[in-house]
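Just so you know, the sequence shown maps onto residues 1 to 138 in full-length UniProt numbering.
Virtual Cβ for every residue (Gly too), placed ideally from N, Cα, C.
Computed from a prediction, not measured in an experiment: that's the story for all the values here.
Data first, discussion second: the structure below is written as structure tokens.
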Amino acid sequence: MATEETLVLVKPDGVARGLTGEILARIEAKGYSLVDLRLVEPDRQRLERHYAEHAGKPFYEPLLEFMMSGPSVAIRVAGERVIEGFRSIAGTTDPTTAAPGTIRGDLGRDWGCRSQQNLVHGSDAPESAARELSIWFG
Ligand code: DAT
Ligand code: MG
Numbered sequence: 001m002a003t004e005e006t007l008v009l010v011k012p013d014g015v016a017r018g019l020t021g022e023i024l025a026r027i028e029a030k031g032y033s034l035v036d037l038r039l040v041e042p043d044r045q046r047l048e049r050h051y052a053e054h055a056g057k058p059f060y061e062p063l064l065e066f067m068m069s070g071p072s073v074a075i076r077v078a079g080e081r082v083i084e085g086f087r088s089i090a091g092t093t094d095p096t097t098a099a100p101g102t103i104r105g106d107l108g109r110d111w112g113c114r115s116q117q118n119l120v121h122g123s124d125a126p127e128s129a130a131r132e133l134s135i136w137f138g
């Protein structure tokens, strides 16, 4: 299996709660490499491209509003099978039921908001990783 790259975002809730360091530590402890990292305040156009697959879904507008509520940290992460490996340490989408031991399961919960605030994003396939890395890192 070849070395891959993935896009990780520490979303606005993770940055606002001061969890960026904890999340970076988990990525590094797993053995992945940080290749590039930047603090970004994305505009709507960038988020529409990033979340194009979710356009029209009930949570789409709340999701974009949440993602525009503060800065995110965008990270280019490299390693063997890092795309599925990061999603494994991130946990499932709903932070209330994400498994303990995962980022979302240990650090997240339902805050009663219209969009799930689940701390991190991770690309879900090689094609989306390439597409998303170009959106956030150019
Ligand atoms: P993931 O981030 O686990 O890949 P996704 O791509 O299905 O999940 O959805 C993107 C984001 O949209 C997700 O991180 C949180 C939000 N979201 C997804 N499903 C939702 C729902 N049913 N209600 C509210 N927000 C949701
Ligand atoms: Mg997704």
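Stretch-stretch touch, CB-based, cutoff 8 Å, three pairs: the region 17-31 with the region 111-118: no
As an exercise, report each continuous beta strand (DSSP E) stretch of at least 3 residues that is fully enclosed by the region 1-77, in chain order. 3-10 and 33-40
Exercise answer, beta-carbon shell around the ligand MG heavy atoms below 7 Å: H121 and D124
Rounded straight-line distance, which links the Cα of L19 to that of D124: 22 Å
Would you say the beta carbon of F86 is closer than 8 Å to some non-hydrogen atom of the ligand DAT? no
Can you find the residues in the same chain that come closer than 8 Å, C-beta to C-beta, to I89, ignoring five residues on each side of it along the sequence? R26, I27, K30, T102 and I103
In terms of alpha-carbon separation, which member of S33, D94, V40 and E48 lies closest to S9? Rather than Ser, the amino acid found at residue 9 in this sequence is Leu. Answer by Cα proximity: V40.
Here's the rule: buried if 16 or more other CB atoms are within 10 angstroms of the residue's CB, otherwise exposed. What is T93? exposed
I need the straight-line Cα distance from E22 to M68, nearest angstrom please. 22 Å
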